[in-house]
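Heads up, my numbering is the position in the sequence shown plus 4, with the first residue counted as 1.
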Amino acid sequence: MDRTRLARNVGEPRQGAQAIRRALAVLRILAAGREDGVPLAEVVRATGLTRPTVHRIVHVLIEEGIVERHERTGRYAIGNQVRELALARPQPSRLLVAANPSLRRASAEIGDTLFLTVRTGNDTLCVDRRIGVYPIQVLSIEVGARRPLGVSSAGVAILAAMPAQDARKIVTANEKRFEAYQTDVATVMGEITTARRRGYYMREIGLVQGTKSISTWIKSPDGQPAAAMTVSAVRTRLGPRREQEVAEILLRETGIIEQAIRG
5 MDRTRLARNV GEPRQGAQAI RRALAVLRIL AAGREDGVPL AEVVRATGLT
55 RPTVHRIVHV LIEEGIVERH ERTGRYAIGN QVRELALARP QPSRLLVAAN
105 PSLRRASAEI GDTLFLTVRT GNDTLCVDRR IGVYPIQVLS IEVGARRPLG
155 VSSAGVAILA AMPAQDARKI VTANEKRFEA YQTDVATVMG EITTARRRGY
205 YMREIGLVQG TKSISTWIKS PDGQPAAAMT VSAVRTRLGP RREQEVAEIL
255 LRETGIIEQA IRG
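Here it is as structure tokens:
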């Protein structure tokens, strides 16, 4: 067999896989921008790819209807065809079904805003939010909001439930993206260590000034952290005594969710 031809055939699948991974990395960054979109320069910075590479990927995705460009701002966003593809799986996931009664119960008991956040690749995605009855609610994240793992309270909790080597690998991969959220690898790794020691994560300064949050992780049947439940509240609502009370409620409910998705 021709050696040149053999080398080409061996190399093509690997190159194809690399191209797919790069395209997915670009899509994840664009997804974080939601309706407003993301400028090309930010995609370049966040992915670590060269500008010509990102430009080429984005324009192929535009041709396929997966990405669109806002004419007024020049920003890039997820296209309409992604919504159409999502219709292929209209049923809620097993996790969402299992979490629903726990979110309802915890929301009524705690009174502050609850969030359910899932892991997707190196990101977190908010998939549910329950507004409590307390007059002041912290609505820091909307359903559909995406963040790099390690930025939010939920992200730190999910990383804390992983083996240390796996968590560090993800944190390192997200290093460039952390800059936009005023954090860094050393800070995130310190937070992960604290969460592991406590068995949950307590963020003293939330994404909104004057707030605090508590997150507990949810593991899938294979033992991998798949999601987190979070309570966000004004600082005065999460003093030392109430912190423990809220953490116990979250730990109880995440345990119930884990049992439900195993069954």
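Note that CB positions come from ideal geometry on N, CA and C, so glycine has one too.
How is the alpha helix (DSSP H) around Thr258 delimited, first residue to last?
Numbered from its first residue, the sequence shown carries residue 258 at position 254. Start and end: 244-266.
Classify Met233 as helix, strand or coil using the three-state DSSP reduction.
Walking along the sequence shown from the start, residue 233 turns up at place 229. Strand at Met233.
Rounded separation between Arg32 and Thr234 - CA only:
Here residue 32 refers to the residue found at position 28 when the sequence shown is read from its first residue. Here residue 234 refers to the residue found at position 230 when the sequence shown is read from its first residue. Computed Cα separation, rounded: 22 Å.
Take Ile265 as the anchor and find which of Gly52, Tyr80, Val101, Glu249 has the nearest alpha-carbon.
Here residue 265 refers to the residue found at position 261 of the sequence shown. Closest option to Ile265, Cα to Cα, is Val101.
Backbone CA spacing between Ala110 and Asp188 [nearest angstrom]:
Position 106 of the sequence shown, counting from 1, holds the residue named residue 110. Position 184 of the sequence shown, counting from 1, holds the residue named residue 188. If you take the alpha carbons of Ala110 and Asp188, they lie about 32 Å apart.
Hey, which unbroken runs of the beta strand (DSSP E) at 3 residues or more fall wholly within the stretch 58-121?
71-73, 80-82
Suppose the cutoff is 8 Å on Cβ atoms and the five residues either side in sequence are ignored; what does the same chain contact list for Leu28 look like?
Numbered from its first residue, the sequence shown carries residue 28 at position 24. Around Leu28: Gly125.
Residues near Val48 in its chain [Cβ-Cβ closer than 6 Å; skip 5 each side]:
Here residue 48 refers to the residue found at position 44 when the sequence shown is read from its first residue. Excluding residues within five positions, the ones whose Cβ falls inside 6 Å are Arg55, Val58.
Taking 8 Å as the CB-CB limit, is Asp170 close to chain D?
The structure shown contains no chain D, having only a single protein chain.
Can you list, in chain order, the residues of its chain whose CB lies under 7 Å from that of Pro225, leaving out five sequence neighbours each side?
One-based indexing of the sequence shown puts residue 225 at position 221. The beta carbon of Pro225 sits closer than 7 Å to the beta carbons of Ile265, Arg266 from its chain, once the five residues preceding and following it are set aside; these are given in chain order.
Taking Cβ to Cβ, would you say Leu120 is nearer than 8 Å to Ala103?
Along the sequence shown, read from residue 1 onward, the residue named residue 120 stands at position 116. Along the sequence shown, read from residue 1 onward, the residue named residue 103 stands at position 99. Yes, the pair counts as a contact, with Cβ atoms nearer than the cut-off.
How many whole angstroms separate the CB atoms of Gly154 and Val175, which I take to be in contact at a CB cut-off of 8 Å?
Taking the sequence shown and counting its residues from 1, the one referred to as residue 154 is at position 150. Taking the sequence shown and counting its residues from 1, the one referred to as residue 175 is at position 171. Their Cβ separation, rounded to whole angstroms, is 5 Å, which keeps Gly154 and Val175 in contact under 8 Å.
Reference Ala190; option with closest CA among Ala171, Ala231, Gly115, Tyr204
Counting from 1 along the sequence shown, the entry for residue 190 is found at position 186. Minimum Cα distance to Ala190 is reached at Ala171.
Check whether the stretch 72-90 and the stretch 214-223 are in contact - that is, three or more C-beta pairs closer than 8 Å.
no
Who are the near neighbours of Ile135 in its chain, counting only those whose CB is closer than 8 Å to its CB and skipping five residues on each side?
Position 131 of the sequence shown, counted from the first residue, corresponds to residue 135. Counting only Cβ-Cβ distances below 8 Å, and skipping sequence neighbours, we find Ser111, Thr117, Gln141, Leu143.
Rounding to the nearest angstrom, what Cα-Cα distance links Gly83 and Gln22 in this structure?
For the purposes of this step, residue 83 is taken as the residue at position 79 of the sequence shown. For the purposes of this step, residue 22 is taken as the residue at position 18 of the sequence shown. So the two alpha carbons sit approximately 22 Å from each other.
Which residues share a DSSP beta bridge with Leu129?
Counting from 1 along the sequence shown, the entry for residue 129 is found at position 125. For Leu129, which the question treats as bridged, DSSP gives the partners Val122, Arg150.
Under the assumption that Gly78 contacts Pro43 (Cβ atoms under 8 Å), give the Cβ distance between them as a whole number of angstroms.
Sequence index remark: in the sequence shown, residue 78 carries index 74 (1-based). Sequence index remark: in the sequence shown, residue 43 carries index 39 (1-based). Going by Cβ atoms, the distance from Gly78 to Pro43 rounds to 7 Å, so yes, they are a contact pair.
How far does the alpha helix (DSSP H) with Arg181 in it reach, from first residue to last?
For the purposes of this step, residue 181 is identified with residue 177 of the sequence shown, where counting begins at 1. Unbroken alpha helix (DSSP H) run through Arg181: 179-182.
Residue span of the beta strand (DSSP E) that contains Met166, given as start and end:
As a working mapping, residue 166 is identified with position 162 in the sequence shown. Secondary structure note for Met166: it is in no beta strand (DSSP E), with a DSSP letter that is neither H nor E.
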